[in-house]
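First comes the structure, then the notes that go with it.
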Amino acid sequence: MYFYKQKLLQPGQLKKLGDHKYSCSNVSLLDPFLQPWWCWLVSKVPLWLAPNLITIVGLVINILTTLILIYFSPNGREEPPRWASALCALGLFIYQSLDAIDGKQARRTNSSTPLGELFDHGCDSISTVFVALSACISCQLGYYPRWMFFQCFCAMTLFYCAHWQTYVSGTLRFGKIDVTEAQCTIIGIHLISAVFGPSIWMTKIPVIGGTWNLYTVCTIFSLGYLQVFITFCRTFHEGGVGKNGSTVALPMLGGVDIKIVPLYFAVFVFGLLAYENASVIFTGGVGKNGSTVAGTSVLSPIIPFLFVVVPAYVISQKSTDHIYENYPALYIMAFGMITAKVTNRLVVAHMTKSEMEYLDWGLIGPLCLFLNQYFNSFLPEYYVLWFAMLWCSVDLIRYCGQVCLEICAYLRIELFRIPYPPKPLMTSQGTNPPHHHHHHEGRNASSSSEADEHPLNNNVSNSSSRASKSPQASPLRNLAVPPMFQRAPSSEDGGSPRVTPHASPRRPHQH
1 MYFYKQKLLQ
11 PGQLKKLGDH
21 KYSCSNVSLL
31 DPFLQPWWCW
41 LVSKVPLWLA
51 PNLITIVGLV
61 INILTTLILI
71 YFSPNGREEP
81 PRWASALCAL
91 GLFIYQSLDA
101 IDGKQARRTN
111 SSTPLGELFD
121 HGCDSISTVF
131 VALSACISCQ
141 LGYYPRWMFF
151 QCFCAMTLFY
161 CAHWQTYVSG
171 TLRFGKIDVT
181 EAQCTIIGIH
191 LISAVFGPSI
201 WMTKIPVIGG
211 TWNLYTVCTI
221 FSLGYLQVFI
231 TFCRTFHEGG
241 VGKNGSTVAL
251 PMLGGVDIKI
261 VPLYFAVFVF
271 GLLAYENASV
281 IFTGGVGKNG
291 STVAGTSVLS
301 PIIPFLFVVV
311 PAYVISQKST
321 DHIYENYPAL
331 YIMAFGMITA
341 KVTNRLVVAH
351 MTKSEMEYLD
361 WGLIGPLCLF
371 LNQYFNSFLP
381 EYYVLWFAML
391 WCSVDLIRYC
401 GQVCLEICAY
411 LRIELFRIPY
421 PPKPLMTSQG
431 TNPPHHHHHH
441 EGRNASSSSE
451 ADEHPLNNNV
461 SNSSSRASKS
471 PQASPLRNLA
481 VPPMFQRAPS
491 SEDGGSPRVT
501 PHASPRRPHQ
511 H
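Mapped onto the UniProt record's numbering, the consecutive letters of the sequence shown carry residue numbers 1 to 511.
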């Protein structure tokens with residue numbers, strides 16, 4: 001069953017996706033400390049559990065805990081219960097852990113496919129919206145609507161830029177301060193709100209030049225997130241001309257109204273980004289004549305993103321009913337879903353080495369809001385906003401579902417089930433074929449192959465290989481498998497193609 005009458009991926013795109021090789025570099029500060037926990041956790045996961053199922057369970061938990069927080073504070077100004085903030089911290093930690101072990105589970109079960117990488121990034125694009133929104137609500141940032149708008153859309157922009165530079169360079173790069181550090185920071189924000197109450201963020205703190213509240217102090221320290229922008233810019237031009245580690249002169253901020261500080265910070269960040277992007281424009285990508293991996297202009301991905309961000313800002317400013325100020329959570333979720341859709345299209349374009357289309361059906365939601373304002377709000381904006389949010393959400397689910405089904409049909413695999421028991425690793429003597437990864441291993445890899453060099457990962461992979469050869473080698477093989485997850489392993493002649501870290505994938509049949 002497909003959600004669209006026509007297929008979204010052409011045969012040529014599917015062929016390139018089957019040949020896709022995952023490339024990643026990571027210098028994260030916190031990942032090495034979390035690796036033992038992740039490796040221990042994946043060793044407790046049954047071998048019949050599909051990696052994609054692990055990812056989607058973590059995403060659902062993250063969304064549900066955020067929706068509970070939104071229920072108690074839909075405008076970001078009401079004080080949510082402390083237990084709701086604690087629940088969000090727990091939900092984000094669970095999502096972070098499950099998101100980190102899905103790739104390890106794929107390798108230990110020999111079920112690595114390009115679909116896993118796409119599925120993982122798709123879930124991350126949705127999670128980014130809810131994680132940023134939950135942090136703002138936990139801090140009661142609804143009192144500063146412009147700052148809340150910037151925080152949420154900055155998170156979406158950073159995630160989009162990470163895949164933009166991947167589309168240009170072919171390598172997904174993680175800086176010293178990146179996804180893991182941001183998630184741990186937000187977990188800390190939720191825990192502070194849970195222990196001391198959300199009102200702690202409005203406390204006045206005497207510093208140089210006057211008194212600031214606690215959230216403004218955290219804003220100054222969040223300058224470390226500029227490393228994300230710098231990493232994005234360095235992707236195109238190593239050793240760029242921008243100055244790293246810029247600081248804020250605290251005495252100069254004395255006497256400035258506290259509500260203006262985030263705006264100055266936003267101008268500084270985007271000014272630095274625009275300055276660094278000058279080298280990006282003239283340096284180009286890894287494709288022919290400095291183009292992207294698909295042979296398109298390195299600037300082409302900015303157009304679909306602007307079609308989302310610009311209407312989001314204009315509609316929020318032109319609303320006579322102050323639709324954003326009154327319903328910030330609903331507003332951000334509506335535009336967050338279309339942003340996730342555009343990001344997923346960018347990931348698909350990168351993995352299939354194809355051109356990214358500029359227009360999208362999801363833009364009908366923002367278009368309805370714009371037309372309603374143009375005709376003097378002949379319909380209540382609140383109801384139009386609900387329609388836009390539902391339309392964008394359904395359109396996102398339809399697109400992601402369709403793409404996953406088409407890839408599953410091409411690779412002859414299932415989305416949430418894998419062969420059990422897994423087959424042993426197969427390697428060709430005297431050869432070292434390219435590595436294919438199921439999910440992104442930026443959390444534990446400094447390159448596309450470094451994940452296999454990690455001793456803990458090797459132990460997990462080798463133990464699963466031995467377990468598949470000997471029925472008594474692992475107690476996990478004696479676990480009762482629920483009927484819905486049971487699937488007989490494929491035969492060598494007509495079975496599903498497998499991709500392992502040590503063996504070249506079998507060429508899937510073309511449709």
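For glycine and all other residues, C-beta sits at the position ideal for the given N, C-alpha and C.
Determine the DSSP secondary structure at residue i, reduced to helix, strand or coil.
i	result
L172	strand
S297	coil
C24	strand
S97	helix
S73	coil
S43	helix
S112	strand
K318	helix
R412	coil
A162	helix
P36	helix
Y167	helix
I177	coil
M148	helix
W48	coil
M356	coil
F375	coil
D124	helix
Y327	coil
Q6	coil
Roughly how many angstroms separate the alpha carbons of residue i and residue j, rounded to a whole number?
i	j	result
I187	F375	43 Å
V217	T65	Low local confidence applies: a pLDDT of 46 at V217 is under 50, so the model's placement there is unreliable, with the coordinate-based value given in what follows. Computed Cα separation, rounded: 27 Å.
L53	C139	32 Å
D102	P51	5 Å
P311	A100	34 Å
residue 515	Q105	The chain is shown from 1 up to 511; residue 515 falls before or after that span and cannot be answered.
E414	L47	16 Å
L369	V309	14 Å
residue 552	I418	Nothing about residue 552 can be read from this structure; the chain reaches only from 1 to 511.
V27	L59	25 Å
A132	W386	20 Å
E381	A334	13 Å
V394	P304	19 Å
D321	V314	14 Å
L9	L390	25 Å
I192	L367	39 Å
Q13	E406	11 Å
P114	E78	43 Å
Y160	T343	6 Å
L158	P11	31 Å
What does the Cβ neighbour count give for residue i, buried or exposed, with the cut at 16 atoms within 10 Å?
i	result
S199	exposed
L396	buried
K318	exposed
G295	exposed
M202	exposed
Y324	buried
T292	buried
V195	exposed
E355	exposed
Q373	buried
L346	buried
L379	exposed
P80	buried
Rounded C-beta distance between residue i and residue j? I'm assuming under 8 Å.
i	j	result
C88	S134	5 Å
I56	G91	The pair is not a contact, with the Cβ atoms about 14 Å apart (cut-off 8 Å).
L67	I137	Their Cβ separation, rounded to whole angstroms, is 11 Å, which puts L67 and I137 out of contact at 8 Å.
I126	A388	With 8 Å as the limit, I126 and A388 do not qualify as a contact, their Cβ atoms being about 17 Å apart.
L172	A182	Their Cβ separation, rounded to whole angstroms, is 16 Å, which puts L172 and A182 out of contact at 8 Å.
S85	H190	5 Å
Inter-stretch contact at 8 Å, needing at least 3 Cβ pairs: the segment 163 to 171 / the segment 339 to 357: Contact between the segment 163 to 171 and the segment 339 to 357 is present, because at least three Cβ pairs lie under 8 Å.
The segment 321 to 333 touching the segment 59 to 74, judged by at least three CB pairs closer than 8 Å: Yes: at least three Cβ pairs fall under 8 Å.
Three-pair Cβ contact test at 8 Å for the segment 399 to 415 versus the segment 10 to 24: Yes: the two stretches touch, three or more of their Cβ pairs being nearer than 8 Å.
Given 8 Å, three or more beta-carbon pairs between the segment 175 to 182 and the segment 356 to 374: Pairwise C-beta distances place the segment 175 to 182 out of contact with the segment 356 to 374, as fewer than three of them are shorter than 8 Å.
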